[in-house]
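Asker: Take 1 as the starting number for the sequence shown in full-length UniProt numbering and just add one per residue.
From the three backbone atoms N, C-alpha and C, an ideal C-beta is built for every residue, glycine too.
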Amino acid sequence: MTNALAKSTRPRHLVAKLLEQPDLVRLVQGLEAPVLTRLIHHIGLEDAGEIVALATTEQLKGIFDEDLWRSERPGKDEAFDADRFALWLEVMLEAGEAFAARKIAELDEDFVTMALCKHVLVIDIEGLAMQMSSSERSDDDDLVDKALESCLYQEFEEFRIIAKDHRSWDPILQVLVELDREHHALLRALLERCCAISTEIIEESGGLYDVLTSEEMLESDVAAEREDRREQEGFVAPSAAVSFLNLARVTPLDEILGSRTYDAVTRAHFRAAAAKARPPAAAARRPDSGVEKGAPAAEDLQSFLEVLREADIVPPAAEARLLTAGAPREGEDLLFTSAIREVMARDAELYGKRLLELSYLVNVLISGCSHDGRAFRPFEAAEAVLCTCSLGLERLLGERAGRKKPGADELASAMTEHDAVKMFMAGWHLLHHEVVLFAAGALRKALAGLVAGQPDAQAAREIERVAAGLAADADAGKPWRSRGKLDRIERALGAEPTATYRALLDELPTLPDGAVEGARGAQRSRFVSSAAQIRALQAMLARPEGSGATAAPRAAGAAAPAKARKRAQPGAGRRK
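1. Go through its chain and collect everything with a Cβ distance to Ala542's Cβ below 8 Å, but skip five positions before and after it.
2. Would a C-beta distance cut-off of 7 Å place Glu155 and Glu126 closer than the cut-off?
3. For the alpha helix (DSSP H) holding Tyr262, just list the boundary residues, first then last.
4. For Lys164, which residues from the same chain have a beta carbon less than 7 Å from its beta carbon, with the 5 sequence-adjacent residues on both sides left out?
5. Suppose the cutoff is 8 Å on Cβ atoms and the five residues either side in sequence are ignored; what does the same chain contact list for Leu257 look like?
6. By the 10 Å Cβ neighbour count, where 16 or more other Cβ atoms means buried, how is Ala82 classified, buried or exposed?
7. My understanding is that Ser71 touches Pro252, with C-beta atoms under 8 Å, so please give their C-beta distance in whole angstroms.
8. Use the C-beta contact count for Gln458: other C-beta atoms within 10 angstroms, 16 or more gives buried, fewer gives exposed.
9. Would you grab the beta carbon distance between Ala479 and Leu437 for me? Rounded to a whole angstrom, and I think it's under 8 Å.
10. Go ahead and pull the three-state DSSP assignment for Leu386.
11. Would residue 580 be called buried (16 or more neighbouring beta carbons within 10 Å of its own) or exposed?
12. Look up Asp110 in the DSSP assignment and say whether it is helix, strand or coil.
13. Does DSSP put His371 in a helix, a strand or coil?
14. Taking 7 Å as the threshold (C-beta atoms), are Phe424 and Leu361 in contact?
15. From which residue to which residue does the alpha helix (DSSP H) around Asp83 run?
16. My output table needs one value for Arg70: the three-state DSSP class, helix, strand or coil.
17. Where Gly49 and Arg374 are concerned, what is the direct C-alpha to C-alpha distance, given to the nearest angstrom?
18. Please classify Lys103: is it buried, with 16 or more other beta-carbons within 10 angstroms of its beta-carbon, or exposed?
19. If you drop the 5 nearest sequence neighbours on each side, which residues of the same chain put their C-beta closer than 7 Å to that of Leu486?
20. Using 10 angstroms around the beta-carbon of Arg483, count the other beta-carbons present and answer buried if the total reaches 16, otherwise exposed.
21. Whole angstroms is fine: what's the gap from Leu247's alpha carbon to His432's?
22. Grouping DSSP H, G and I as helix and E and B as strand, with all else coil, what is Val122?
23. Applying the criterion that 16 or more other CB atoms from any shown protein chain within 10 Å of the CB defines a buried residue, is Val250 buried or exposed?
24. Evaluate Gly494 with the Cβ neighbour count: other Cβ atoms within 10 Å of its Cβ, from every protein chain shown; 16 or more gives buried, anything less gives exposed.
25. Can Glu357 and Ala274 be called in contact, C-beta distance under 7 Å?
26. With distances taken from CA atoms, which of Arg188, Val435, Asp67 and Thr510 is nearest Phe376?
27. Which class does residue 580 belong to by DSSP, given the choice of helix, strand or coil?
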């Protein structure tokens, strides 16, 4: 109980510690948007009003790009979260209506228009009055009258703003009133745009009463602009990540190994990143003045960062995470880790390039791939990337059973000749075809045997349904879609084989616990990183006890005596 209470109050204690920091304004405003986002998430947006009040508009833009967009699952495009935007307005209003309105006024007009259209409908009062006063009134007009009477609304000049959701109405109205007072021209421009959108959709929907939503097209434009900004910061859009991973699956392995340039998706990503890296001419000419005027003192900055590190808001350096992810507790490093360390010692420029590629690949997994039914955590994604690159590097080097580990010069040469993206694509291709699809084939064979030996007709039909779904998913190249159905056949298949298939039938398979002797060894990594592990997995699945094929005879043998006992009970008196 004590621990739970301590954890529940920790964010509030963090706020108190931060507010005690001298020169807090400059310290907070010096944080990059992703770090400030993590700080706000750690505290909880509802309790972070004091921190939000210190944020600059540029920081808020970056925070909104990350915090106001949600994806239902990895690989699915993110959609704007209107409820979260309303909560942000409430928190910003804690710092005053003038502050909230000023920050909204400084945001992109397309973004604000889209956000408003999520919450309100804007109609022209004169146009509506002319329509309602027409001599040819219909029953629909009476319905519109009743609907308007029940709505929350506010009028600004010739516009009537109608609430779509009463829960968000108060903060929306407060901001609109303040915009009218201090930024009247902007408010009028926003209302004109919202009115045009509302009018268009009303006409397309057959009338005001049947209007649903009207902001889809504008939302897609805003989403595209957001993706461009985030791509320049190193993020990868879900659609681009999914395309890259699918490309690695379907491209022939020989073509991947022989490629000399990035694929189209990766080229587009690094073009966007290069555009961000080129500073404006004025910025490029700016002399290096050492310490920025008005910057916080070094000891204040160190104290501030220490508070953030204690709360795990500022993580270890990305370079350190990439070099330690997937490392063994004892014994040898991953092949790829050894190779990149050789590059680090020999060629700083090439090392930096390979780290950028690794960062890109980590973001691909976080954005476009599910792991055990959820999104990858950053450290998991880094670990998975290193293991997958190690598998690809091994194939590029022609690694086979019994061959000694390549020497330092050979590893450095391979890292110079081949980029990390190629290694990852090769490893990803091998995992898909030699692990995931191989496991799907083994499971299909095992299920066929279960059906043949299953004495219970209802259980047999359930197994057949799962097998049919798996066949369709495997033929489509996505057997992980059937992963959630394994629970329905666990009793027939057996607990251990079911756990094995659950680990292997994922977008990125993992090594089953204890299923492959020596496959994991001293390594803490759960991801496949060598051809030897793949061979061990395939050998295990080829054995009846490993694939679950022996479950059917056991089930049949257990059922037969039960049937015999049932036939030997002719009457109630005999049961005594």
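Answerer: In brief:
1. Counting from one through the sequence shown, the residue named residue 542 turns up at place 542. Ala442.
2. Reading the sequence shown from its first residue, position 155 is the one you call residue 155. Reading the sequence shown from its first residue, position 126 is the one you call residue 126. No, the pair does not count as a contact, with Cβ atoms beyond the cut-off.
3. Working through the sequence shown from its first residue, we reach residue 262 at position 262. No alpha helix (DSSP H) contains Tyr262, which DSSP labels as neither H nor E.
4. In the sequence shown, counting from the first residue as 1, residue 164 sits at position 164. Residues His119, Val120 and Leu121 of the same chain have their beta carbon placed closer than 7 Å to that of Lys164, with the five preceding and five following residues left out of the count.
5. In the sequence shown, the residue the question calls residue 257 occupies position 257. Non-local C-beta neighbours of Leu257 in its own chain, meaning closer than 8 Å and more than five positions away in sequence, comprise Arg395, Leu396, Lys422 and Ala426, ordered along the chain.
6. Locating residue 82 in the sequence shown gives position 82, counting from the first residue. That one is buried.
7. Residue mapping note: residue 71 aligns to position 71 of the sequence shown, counting from 1. Residue mapping note: residue 252 aligns to position 252 of the sequence shown, counting from 1. Not confirmed; about 31 Å, so no contact.
8. Position 458 of the sequence shown holds residue 458. By the Cβ neighbour-count rule, Gln458 is exposed, with fewer than 16 other Cβ atoms within 10 Å of its own.
9. Against the sequence shown, residue 479 aligns to sequence position 479. Against the sequence shown, residue 437 aligns to sequence position 437. The amino acid occupying residue 479 in the given sequence is Pro; Ala does not appear at that position. Indeed they touch by this definition, with Cβ atoms about 7 Å apart.
10. Counting from 1 along the sequence shown, the entry for residue 386 is found at position 386. Correct three-state label for Leu386: helix.
11. A question about residue 580 goes unanswered here, because the residues of the chain that appear run from 1 up to 576.
12. Numbered from its first residue, the sequence shown carries residue 110 at position 110. Note: Asp110 maps to helix in three-state DSSP.
13. As a first step, residue 371 must be located in the sequence shown, where it is residue number 371. In the structure shown, His371 sits in a strand (DSSP, three-state: E or B).
14. As a first step, residue 361 must be located in the sequence shown, where it is residue number 361. As a first step, residue 424 must be located in the sequence shown, where it is residue number 424. The answer is yes: Cβ separation under 7 Å.
15. Within the sequence shown, numbered from 1, the residue matching residue 83 stands at position 83. Annotation for Asp83: the continuous alpha helix (DSSP H) segment containing it runs Ala82 to Leu93.
16. Within the sequence shown, the letter at position 70 stands for residue 70. Residue state, collapsed to three classes: strand.
17. Counted from its first residue, the sequence shown places residue 49 at position 49. Counted from its first residue, the sequence shown places residue 374 at position 374. Approximately 30 Å between the Cα atoms of the pair.
18. By 1-based counting over the sequence shown, the position of residue 103 is 103. The residue in question, Lys103, is buried, as its Cβ has 16 or more Cβ neighbours within 10 Å.
19. Reading the sequence shown from its first residue, position 486 is the one you call residue 486. Take Leu486, set aside five residues on each side of it, and the residues of its chain with a beta-carbon closer than 7 Å to its own are Thr498, Tyr501 and Arg502, in chain order.
20. Residue 483 sits at position 483 when you count from the first residue of the sequence shown. Its Cβ being crowded by 16 or more others within 10 Å, Arg483 is buried.
21. Translated into the one-based positions of the sequence shown, residue 247 becomes position 247. Translated into the one-based positions of the sequence shown, residue 432 becomes position 432. Their backbone Cα atoms lie some 12 Å apart in a straight line.
22. Locating residue 122 in the sequence shown gives position 122, where the first residue counts as 1. It is a strand residue.
23. Position 250 of the sequence shown, counted from the first residue, corresponds to residue 250. The residue is exposed, with fewer than 16 neighbouring Cβ atoms inside 10 Å.
24. The residue given as residue 494 occupies position 494 in the sequence shown. Looking at its Cβ environment, which holds 16 or more other Cβ atoms inside 10 Å, Gly494 is buried.
25. Taking the first residue of the sequence shown as position 1, residue 357 is located at position 357. Taking the first residue of the sequence shown as position 1, residue 274 is located at position 274. Not closer than 7 Å, so no.
26. Taking the sequence shown and counting its residues from 1, the one referred to as residue 376 is at position 376. Between Phe376 and the set Arg188, Val435, Asp67 and Thr510, the nearest pair of CA atoms involves Thr510.
27. Nothing about residue 580 can be read from this structure; the chain reaches only from 1 to 576.
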